[in-house]
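First up is the structure itself, then whatever we jot down about it.
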Amino acid sequence: MSNGSFSARGQEAPESVRGDAWPVVPLAVALLLLRWQGDQTWAYVTAAVIGGVGLLAALIGLTECVKAVRRGLAPGKVVWVVAVLLLASFGVVQQLIVA
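Residue 185 in this note's numbering sits at position 35 of the sequence shown; the count goes up by one each step and never skips.
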């Protein structure tokens, strides 16, 4: 007695992946903390932890974007999310190396 629409619904491509861009928030916080207070140890450690969480979330978001494209979502709708996540991730890693 399984509901056929439930299993088919899990295979539908989402209309948008905007929700997968939320990891930009912790990445932006870490980047700003490194920019303004990066010379202080407490700020560097805090930014590294927040940035690490953001990087992990960005990796999960990127895999969700790839899954959405495989399920049939137009690649053009995914490109901006992937670009934002990759740029923010690169910015945090670069600031962690430089600071």
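We put the CB at the ideal spot given by N, CA and C, even for glycine. All of these numbers come straight from a predicted model, not from anything done at the bench.
For proline 176, does the three-state DSSP call read helix, strand or coil?
Assignment of proline 176 by DSSP, reduced to helix, strand and coil, places it in the helix class.
For the pair the segment 233-240 and the segment 173-185, tell me if three or more CB-CB distances fall below 8 angstroms.
Per the Cβ contact rule, the segment 233-240 is in contact with the segment 173-185 (3 or more Cβ pairs under 8 angstroms).
Can you look up leucine 223 in the DSSP assignment and give me helix, strand or coil?
If DSSP states are grouped into helix, strand and coil, leucine 223 belongs with coil.
When we look at the beta-carbon of alanine 233 and count the other beta-carbons within 10 Å, is it buried (16 or more) or exposed?
Exposed, by the Cβ-count rule.
Where valine 242 falls, given that 16 or more other Cβ within 10 Å makes a residue buried
By the C-beta density criterion, valine 242 is buried, having at least 16 other C-beta atoms within 10 angstroms.
Check whether alanine 198 and leucine 183 have beta carbons under 7 angstroms apart
Against a cut-off of 7 angstroms, the Cβ pair of leucine 183 and alanine 198 comes out as no contact.
Cutoff 6 angstroms; reference glycine 211; Cβ partners in own chain excluding five residues on either side:
Sequence-distant partners of glycine 211 (beyond 5 residues in either direction) whose C-beta falls short of 6 angstroms from its own C-beta, in its chain, are Asp170, Pro173, Leu235.
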